[in-house]
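If you read the sequence shown in our numbering, its first letter stands for residue 280, the second for the next number, and so on. Notes follow once the structure below has been shown.
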Amino acid sequence: MNSGKIQAVQEQEITLESNTAAIPFAVTDIRTRSAINCRRWMLHNDGSAIFDILEGGYYEANFGTSITSNTPGIVAVGLFANGTYVPGTRREVTIGAAGEWHTISFEKELAVCCKGDASITVNSLPTSTYFGGGTTVITDTQIPIIKGANFSIER
């Protein structure tokens, strides 16, 4: 890869608006020249949750954060491309007590069609599904609180 990179952070603690909300990233702390807005392959504005990939190709996305909730239960996040969940990126943890922090992360390679583009976000996921013992159990997730989030996309 290594022909361009963008990395954004959300250092300050924030509570997401809902258990389906995208995580906004306050500051872009690394942006190579090839990832300068509207001129190359990437469009992202500070404070936005959306990373628009403007050129086809192969990309590597990396995400990590500390996560909790004001309510005990499950919190979950995943990567989305054009509003659709990207398989293999779901990360969820069970919060035993309000304010109990956990660390989660994922890495995922993405392919964007040669004549296409993609809007990439990291979103909270509304449900958790358990398939153990022949019984499927679907549980609503809690609204996440995140801090120290890092998200990067490398071409």
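Cβ coordinates follow ideal geometry from the N, Cα and C atoms, glycine included.
Residue i: which of the options sits nearest, CA to CA?
i	options	result
W380	E386, G336, S345	S345
A390	G411, L404, E334, T382	E334
I329	K387, G427, A301	A301
G283	L404, L322, F304, E296	L322
T299	N429, V356, I432	V356
I383	G375, P405, T406, V354	V354
E292	D331, F342, T347, S327	T347
K385	D331, F304, N429, P303	Just to set this straight, residue 385 is Phe in the shown sequence, not Lys. When each option's Cα is compared against that of F385, the closest is N429.
Residues in its own chain within less than 8 Å of residue i by CB, not counting five upstream and five downstream?
i	result
T294	N349, I422, P423, I424
D308	Q286, A287, V288
N361	A397, S398
T420	N298, G352, I353, V354, A355, E371, S403, L404, P405, T406, S407
Return the CA-CA distance between residue i and residue j, expressed in angstroms with no decimal places.
i	j	result
T311	G336	17 Å
C392	A377	42 Å
G375	G411	21 Å
T415	E296	28 Å
G413	T373	21 Å
S327	F342	15 Å
P303	T363	17 Å
Please return the same chain residues whose Cβ sits closer than 7 Å to the Cβ of residue i, not counting the five positions on each side in sequence.
i	result
K387	A340, L358, V365, G367, T368
G427	E290, T344, S345
I417	T406, T408
K394	G335
Residues in its own chain within less than 6 Å of residue i by CB, not counting five upstream and five downstream?
i	result
N402	A301, F359
V306	V288, D325
Y338	L389, I432, R434
D331	L322, S398
Exercise. Which parts of the region 346-391 are runs of the beta strand (DSSP E), unbroken and 3 residues or longer, counting only runs that do not cross its ends?
Worked result: With a minimum length of 3 residues, the continuous beta strand (DSSP E) runs that stay inside the region 346-391 are 352-360, 370-374, 381-391.
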